[in-house]
Structure formats: C-alpha cells, structure tokens
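Read through the structure below, which is laid out as structure tokens, and then see the notes.
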Amino acid sequence: MPKQRAAVMVINPEHVTSDGVDCTYFIDEKPVLFARGMKHLLDRVPLADATVIKRQMIAYFGKTIYYRCCNKERLIKPKEQEYIQGLFRRRGVTETPQFDEYIEYYDLG
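So my numbering is basically just the index in the sequence shown, starting at one, shifted up by 42.
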C-alpha cells in the first residue's frame with residue numbers, strides 16, 4: 043500500500059469467496075504501468091484520423107475525464123491505454139500511442 047494513501051477501503055468478509063479464488067474484490071499488490079498526460083498523443087496522427095480518435099476518446103471517457111487525463115490530473119489505466127491503442131489501429135494508424143509520461147502505481151480499482 044502506498045504510504046501517501048490516506049484512506050483505504052475494507053471489504054465485508056461476508057462478500058469474500060470462501061476459497062479465496064476469483065474474488066471480485068481482489069487487488070494485486072504489484073504496481074502496474076499507468077500513463078499520465080496525453081497533450082501530444084495525436085501530434086503525429088493525420089488530422090482526419092486525429093479528429094475521429096479524439097471524438098471517440100471523449101465519448102469513451104466523457105469530456106471532463108478526457109480533459110483531466112490530458113492535463114495529467116488523472117492517471118490513464120492500462121485497460122484505457124489498450125482502448126486508445128485500439129482506436130489507433132482501427133483508424134489504420136500504425137504508430138503506438140505515446141503518452142506524456144508513465145508511472146508505476148497500484149491499481150486500486
């Protein structure tokens with residue numbers, strides 16, 4: 043658990059599986075690679091494709107979360123990074139999306 047985390051959630055033991063396998067509340071203790079910031083994500087993408095990809099990201103995240111991700115106010119989860127990479131592929135963009143920076147952090151849900 044990161045030291046800077048002020049609060050933690052506790053799960054009611056009645057909701058944990060008896061064998062401990064496939065628990066929906068399980069959080070892996072290993073940090074994962076989050077992206078932070080996407081100000082220049084679409085710089086090398088053709089304008090027509092960039093416009094469509096941006097519109098699709100706003101539809102996926104919502105306007106507020108999209109702009110928070112752009113401005114490094116919210117981390118971009120690995121599954122969200124995969125989604126964005128899928129948008130690139132579907133538009134025929136072969137370049138891998140490059141976020142502003144990457145940070146290892148715990149996926150706390």
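Yeah, the Cβ is synthetic: ideal placement off N, Cα and C, and Gly gets one too.
Quick caveat, the model's predicted, so the values are computed rather than measured.
Check	Outcome
Is DSSP giving Y147 helix, strand or coil here?	strand
Rank E71, K72, V135 by C-alpha distance to the C-alpha of I95 and give the top, closest one.	V135
Looking at the secondary structure, which residues open and close the alpha helix (DSSP H) in which F76 lies?	Unbroken run through F76 is the beta strand (DSSP E), 74 to 78; no alpha helix (DSSP H).
Would A159 be called buried (16 or more neighbouring beta carbons within 10 Å of its own) or exposed?	Look at the range of the chain in this structure, 43 to 151, and you will see that residue 159 is not part of it.
Does L117 come out as helix, strand or coil in the three-state DSSP assignment?	strand
Would DSSP call L83 helix, strand or coil?	coil
Give me the residue from C65, Y67, I53, M99 with the minimum Cα distance to G128.	M99
Secondary structure at T169, three-state DSSP: helix, strand or coil?	Here the chain comprises residues numbered 43 to 151, so residue 169 is not present and cannot be evaluated.
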